[in-house]
Each structure stands twice: as C-alpha cells, then as structure tokens.
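Colleague: Sequential numbering from 11 applies to the sequence shown in this note's numbering. Provided herewith is a single structure, encoded as structure tokens, for subsequent inquiry.
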Amino acid sequence: MPGRIRSWTGYFDVWPTGVVVDHHWFLARPAVEVGMASDESKAEYVCRMCRALLFTSDDLMEHEPQRHQISQRKKLKEAKLGAVECSSYFLSDTKEWMDEASLAEGKLFCPVAKCNSRLGSFGWSGSQCSCGTWVTPSVQFTKSRVDVKVKMAIPAVFVPVVEAAAVAAPGGDSVVDKSQGIDDASDTPTPAEAAVTPSA
Numbered sequence: 011m012p013g014r015i016r017s018w019t020g021y022f023d024v025w026p027t028g029v030v031v032d033h034h035w036f037l038a039r040p041a042v043e044v045g046m047a048s049d050e051s052k053a054e055y056v057c058r059m060c061r062a063l064l065f066t067s068d069d070l071m072e073h074e075p076q077r078h079q080i081s082q083r084k085k086l087k088e089a090k091l092g093a094v095e096c097s098s099y100f101l102s103d104t105k106e107w108m109d110e111a112s113l114a115e116g117k118l119f120c121p122v123a124k125c126n127s128r129l130g131s132f133g134w135s136g137s138q139c140s141c142g143t144w145v146t147p148s149v150q151f152t153k154s155r156v157d158v159k160v161k162m163a164i165p166a167v168f169v170p171v172v173e174a175a176a177v178a179a180p181g182g183d184s185v186v187d188k189s190q191g192i193d194d195a196s197d198t199p200t201p202a203e204a205a206v207t208p209s210a
C-alpha cells in the first residue's frame with residue numbers, strides 16, 4: 011500500500027519503490043452530494059423572558075387580514091396608512107405544555123414555572139386579531155412577548171470524486187484504468203514520475 015504526503019497543491023501517493031503519483035493527473039468524476047440538506051428554513055418562537063421554546067412555524071394558523079372588519083371608516087383609514095400588521099400569532103391547535111386550568115381561564119402562561127409570564131389568551135369561541143379578522147378557535151400569543159429564532163437551511167456539500175487515469179504500480183509498470191477509455195502510454199512518464207526518476 012502506498013503512503014500519503016501533503017503539499018500546497020494537494021496530496022501525493024508514494025509507493026514503496028519511490029514512485030510518486032500526483033493526484034492532479036486524476037480524471038474528475040461527477041460530484042456526489044454529501045450530508046443532508048433541509049428543505050426549508052424553520053422558525054422557532056420562544057418566550058422573551060426565559061427563552062423557553064413555545065411553538066414553531068409549523069404550528070401557526072394563517073388568516074386573511076381585515077376579513078371581518080366591520081367598521082368601514084376604520085377600513086378606509088387603515089387602507090391609507092398601508093398594510094395592517096397583526097400584533098398576535100395564532101396557533102392551529104393547543105400545545106401539550108399548556109396547562110388545562112389556564113386554558114379554562116382563557117390565559118396562556120410560559121411553561122417554565124420560574125418564569126410563568128403571561129404570553130397570550132385562549133378561547134374556543136375565538137377572538138378578533140388587531141387586523142380585524144375573527145379567528146376561531148383562538149390560541150393567541152402577543153408578538154411583543156415572543157421572540158423568533160430562525161433555523162437556516164443547511165446547504166448540501168458537493169465533493170468531486172476523482173479516479174486515477176494511470177497509476178504507477180510497484181515495479182515501475184503502468185496500471186491503466188480501462189474503464190475511462192484511456193490508451194496505454196506505458197513508456198511515457200508523467201511529470202510526477204519524471205521528477206523522482208533518478209537520472210542515468
């Protein structure tokens with residue numbers, strides 16, 4: 011088996027006979043994907059006071075702004091000011107950490123006992139968002155009491171796979187990779203072989 015040495019241009023294989031094979035003479039093969047890449051970025055929502063995880067972006071319930079806005083005057087005023095930003099997050103369902111007693115009272119508190127800060131409200135009959143839309147059921151978190159942490163997608167790493175076109179084997183014979191369709195050039199030394207071949 012050959013040993014391996016490094017250089018600033020890459021690495022070389024050194025056979026016991028002293029023949030050095032430069033990997034820059036290898037033929038590049040198609041790249042292969044290494045590792046795992048997530049499809050999308052996912053956001054986590056945490057308590058602003060203690061940073062405890064509350065829910066993720068998969069739990070959010072989307073709603074159409076101003077869908078149930080009754081006041082026409084308010085609609086016109088908000089239209090002049092621009093798009094209305096909702097002041098709350100709504101979940102599609104309750105979470106396991108939510109206390110049943112608190113849900114019965116219609117209040118949502120942080121699951122960490124030492125924190126126990128008020129985060130939002132709950133109601134089966136629903137509640138109205140600041141944009142005017144009525145959301146039912148209402149698992150509502152106030153945005154000012156929740157922070158968002160975004161997990162970025164990890165890109166896949168593509169590593170080129172190389173394969174030798176002609177490798178010098180022990181004894182000075184040339185071993186040719188026939189799968190690459192390369193003719194035997196046995197008498198013509200590579201630059202790497204010429205560099206280590208002693209002069210006559």
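Don't be surprised by glycine CBs; every beta carbon is placed ideally from N, CA and C.
Can you give me the Cβ contacts of K124 inside the same chain, cut-off strictly under 8 Å, excluding the 5 residues immediately before and after it?
Modeller: Walking along the sequence shown from the start, residue 124 turns up at place 114. For K124, where only same-chain residues beyond five positions count, the Cβ hits under 8 Å are C60.
Colleague: With DSSP as the reference, label S135 as helix, strand or coil.
Modeller: Position 125 of the sequence shown, counting from 1, holds the residue named residue 135. Coil, per DSSP.
Colleague: Compute the Euclidean distance between the alpha carbons of V122 and C141, then round it to the nearest angstrom.
Modeller: Residue mapping note: residue 122 aligns to position 112 of the sequence shown, counting from 1. Residue mapping note: residue 141 aligns to position 131 of the sequence shown, counting from 1. Roughly 30 Å separates the two Cα atoms.
Colleague: Compare the beta carbon distance of Y55 and F132 with 9 Å and say whether it is the shorter of the two.
Modeller: Your numbering for residue 55 matches position 45 in the sequence shown. Your numbering for residue 132 matches position 122 in the sequence shown. Judged by beta-carbon spacing, F132 lies beyond the 9 Å limit of Y55, meaning their Cβ atoms are not closer than that value.
Colleague: Tell me the DSSP bridge mates of R128?
Modeller: Residue numbering aside, residue 128 sits at position 118 when the sequence shown is read from its first letter. Answer is F119.
Colleague: Output the distance between the C-alpha atoms of C57 and F100, rounded to the nearest integer angstrom.
Modeller: Reading the sequence shown from its first residue, position 47 is the one you call residue 57. Reading the sequence shown from its first residue, position 90 is the one you call residue 100. C-alpha separation (whole angstroms): 15 Å.
Colleague: Round the Cβ separation of R155 and L113 to the nearest angstrom and send it over; I've been treating them as touching at under 8 Å.
Modeller: Position 145 of the sequence shown, counting from 1, holds the residue named residue 155. Position 103 of the sequence shown, counting from 1, holds the residue named residue 113. For a cut-off of 8 Å, the C-beta gap from R155 to L113 is around 17 Å, too long to register as a contact.
Colleague: What does the alpha-carbon distance come out to for the pair S148 and T66?
Modeller: Sequence index remark: in the sequence shown, residue 148 carries index 138 (1-based). Sequence index remark: in the sequence shown, residue 66 carries index 56 (1-based). Cα to Cα, the separation comes out at about 17 Å.
Colleague: Would you please state the rounded distance, in angstroms, between the beta carbons of K6 and K52? I believe it to be under 8 Å.
Modeller: For residue 6 there is no data in the structure shown, the boundaries of the chain being 11 and 210.
Colleague: Measure from the alpha carbon of D69 to the alpha carbon of each residue in S137, K105, W144 and C139, then state which is nearest.
Modeller: Position 59 of the sequence shown, counted from the first residue, corresponds to residue 69. Per the Cα distances, K105.
Colleague: Which residues in the same chain as G116 place their Cβ atom closer than 6 Å to its Cβ, once the five residues preceding and following it in sequence are excluded?
Modeller: On the sequence shown, position 106 is the one that residue 116 refers to. The answer, listed in chain order, is S131, F132 and G133.
Colleague: In the structure shown, what three-state DSSP assignment does K105 receive?
Modeller: Locating residue 105 in the sequence shown gives position 95, counting from the first residue. Coil.
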